[in-house]
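What follows is a short report on a single structure.
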Amino acid sequence: MGLSVAEVLSADAFAAFEEVGLEDDAKVEATGRRFRDTVLALGGSVAPEKVFELFRGRAPSTEPLLRHSGLVGAAA
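Everything in the sequence shown is counted per my numbering, starting at 0 for the first residue and increasing by one.
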């Protein structure tokens, strides 16, 4: 089974919330606003790669999907 682009983007987007700390309501809210203002607001009007880069500040990474799937260990 190969990795789909949607799975990679989804896991990497969720990782943005994990990275700020899911228990930190203010940071989760700020990340949610950034997600809303980029991914949800721009939708199909901008190339998906560009939308993702606007949200995450970088190109997508497969590492979060591999980590969530248990294929690599969590970063220290």
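Ideal Cβ placement from N, Cα and C applies to all residues, glycine included.
- Short of 6 Å from the beta carbon of S60, and not among the five residues preceding or following it, lie these beta carbons of its own chain, in chain order: D11.
- Only residues of its own chain outside the window of five on either side were considered, and among them P63, H67 have a CB closer than 8 Å to the CB of F13, listed in chain order.
- Under the DSSP assignment, T30 falls in the alpha helix (DSSP H) whose first and last residues are 24–34.
- Closest option to E18, judged by alpha-carbon separation, among G72, R55, G69, V71: R55.
- In the DSSP assignment, V4 falls within the unbroken alpha helix (DSSP H) covering 4–19.
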